[in-house]
Structure formats: C-alpha cells, structure tokens
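In my numbering, the protein residues as written are -15 to 129.
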C-alpha cells in the first residue's frame, strides 16, 4: 500500500520546487531542504530506532540521520568517510546495496529494532527494484521505505 505524506507544515512547497536539487545548507548534507523536512516529519512520527541508508555518498547525510536520534546503517560502494567525521551512531558498510550479503549484514545489525529504509543509491529502475526486494521486509510496522 502506498501512502503519500501531507505537505509539511511551515515548508513553502513553491520555494522547495523552485530550489529542488540545491543543497540543504546543512553542512555537507547533499539533500535539499524539503527532503530534510520530510525526513524530520517521518522520523518524529514513527517508532523508528534504526535507518538503513543506501547511497551514503560523502557520509554527511548518515550523520544527519544519527543526529535525529537514529542508529544508522549506511551502505555505499566506496569508503564512506569522504569528509564526514565518524559518528558513534553510524555503522558504515562498504559494498553494493544490492549485494545479498550486504543486505543480510544490515538485517543482522538492525537487531529486530523498529527500522526504516532510505534508498538513495543508483536510481535506475532495475537497481531500485532490487533494493526494494532486499530491504522491504526489514521495514517494520509504522515505519517507511
């Protein structure tokens, strides 16, 4: 079942659309302001304790998720510390997010806790479909993929 989120109170949608794709202004985080506002609303409105993030990039978004109070399992093909400092709530896995062994390792690391998943690696249809197949069952009731 697909559930669309309502607009985020206090966020100017027209301004977000006009600025889509521009960095958020949060040091090092390569996500736009509207994305961060939506993530904040989702995190505050769910029982999530853990987030699995694919496509770590520089690693700053993983640290941002951790600063929101989540334990983070972040996955990327390249070593993740491209400028982001280490964070005690972030576990970094190096490898393809569609590698079943990487997904299995991430599953073990969630330790059965309430989990959400953020897919932000390769955005091709085939890759996203493979990620959904691997990670959808890790999303717990009341959380989002």
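The beta-carbon is built from N, C-alpha and C at its ideal position, and this holds for glycine as well. Note that the coordinates shown come from a computational prediction; the quantities given were computed from them, not determined experimentally.
Per DSSP, reduced to three states, the secondary structure at residue 124 is coil, with no helix or strand assignment. In the structure shown, the three-state DSSP call for residue 37 is strand. The beta carbon of residue 111 is closer than 7 Å to those of 82, 105 in its chain, skipping five residues each way along the sequence.
Residue 23 and residue 98 have their C-alpha atoms some 16 Å from each other.
DSSP places residue 110 in the helix class (H, G or I) of the three-state scheme. Within the DSSP secondary-structure output, residue 56 pairs in a beta bridge with 35, 74.
Spatial neighbours of residue 73 in its own chain (CB-CB distance under 8 Å, excluding positions within 5 residues in sequence) are listed in chain order as 50, 54, 55, 56. Rounded to the nearest angstrom, the gap between the Cα atoms of residue 91 and residue 62 is 20 Å. Residue 102: member of the beta strand (DSSP E) spanning 99 to 103, first to last residue.
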